[in-house]
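If you number the sequence shown the way the working numbering does, the last residue is 1645 and the count never jumps.
In what follows, a structure is listed as structure tokens, so that the remarks can point back to it.
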Amino acid sequence: RFIEDGYGKHIYISKENIKALENKQTVTETEKQKILLKIFILQAAINKQFEEIRKISNNLYHKPLLLTLVNSVNIDDSDLELFFKEIEKIAIGRGNDEILKIAKEEISKELSSETAKFEFEENKLHQNLNNIIQSISYSDILHFVFNASSTGKIEVLKISSNKQELVFKLATSDRPFALMKIGDITEWIKNKLSNYEIIEKFDNESIFKNINNNEDISILMGSRSFYEGWDSNRPNIILFINIGKGTDA
């Protein structure tokens, strides 16, 4: 009723198969990159519309957020680790223009199909979205997703007294782009980030608590640490990796 009465956001559930991002699936690097590029293309396209809205008024809409929820965090080749590695490949410039072109074509094909309708509504997706998707370039992804104008290595920002949050930025940018919130970051720093430069911030400010107002963060990723008791209007794309597939789900 909430959606039918015109409140909240229009909800579209993609038919995209993201098994390539799951740790038990043997797939090519091309397939993994294509899936992540599709997600980032959509994120950049939504942000392009957001910037047009902001030209009218700063109060009309929130900064779009990609929310990624995973099943495993600290095991070898965990869902979160595999997702993070794919982000890194694009950040350092290992993206492929041909894969980007295919990803845009496949998104447009899905969103323009007769079955592409909103949940709980009869309305179809606005066809103008396809034009925006086709215009997205790697530069747009760097700008809208990574807050950067050029590719670069990922740097890690750690808040000294915070044991649950890690912030990520590109070395080529002075603005962060992603926040990881998990139960305990100690194991991640020790086992997953040993080859990264870690910059310690000596303050007690929680990025997560202020994420509604922190427009630099365009990706929020984690597992069960904020499943419940968290409220935000910012998520525009929600990505589930290996979630709800167990027999007890």
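For every residue, glycine included, the Cβ atom is placed at its ideal position computed from N, Cα and C.
Computed from a predicted model, the values in this text were never measured in an experiment.
I1495 and T1426 closer than 8 Å at C-beta: Going by C-beta atoms, I1495 is nearer than 8 Å to T1426.
Beta-carbon within less than 8 Å of I1437's beta-carbon, same chain only, minus the 5 sequence neighbours each way: which residues are those? The residues are L1496, A1499, K1500, I1503, I1529, I1532 and I1537.
Opening and closing residue of the alpha helix (DSSP H) in which I1613 lies: Where I1613 is concerned, there is no enclosing alpha helix (DSSP H), because DSSP gives it neither an H nor an E.
What residue ranges within the segment 1484–1561 form continuous alpha helix (DSSP H) runs of no fewer than 4 residues, ordered along the chain? Under the rule that a run must span 4 or more residues, the alpha helix (DSSP H) segments found entirely inside the segment 1484–1561 read 1493–1507, 1524–1531 and 1534–1542.
Quick one, which of V1563, I1488, F1604 and E1400 has its alpha-carbon nearest G1625's? Closest by alpha carbon: F1604.
Between which two residues does the alpha helix (DSSP H) carrying T1582 extend? For T1582, the uninterrupted alpha helix (DSSP H) run begins and ends at T1582 to N1587, by DSSP.
To the nearest angstrom, how far is the alpha carbon of K1559 from that of N1600? Near 11 Å, if we compare the C-alpha coordinates of N1600 and K1559.
Identify which residue in S1569, S1614, K1577 and H1458 has its Cα closest to the Cα of I1555. If we check each option's Cα against that of I1555, K1577 comes out closest.
Write down the C-beta distance between V1469 and S1602 rounded to the nearest angstrom, noting that I regard them as a contact closer than 8 Å. About 19 Å separates the CB atoms of V1469 and S1602; that is not less than 8 Å, and the two are not in contact.
Kindly identify the DSSP beta-bridge partner or partners of V1563. When beta bridges are read from the DSSP output, V1563 appears opposite L1553 and L1575.
Residues bridged to I1634 [DSSP beta-bridge criterion]: I1634 is bridged by DSSP to L1463.
Per DSSP, K1597 is paired with what? Per DSSP, the beta-bridge partners of K1597 are I1555.
Answer with buried or exposed for E1447, where buried requires no fewer than 16 other C-beta atoms within 10 angstroms of its C-beta. Flag for E1447 reads exposed.
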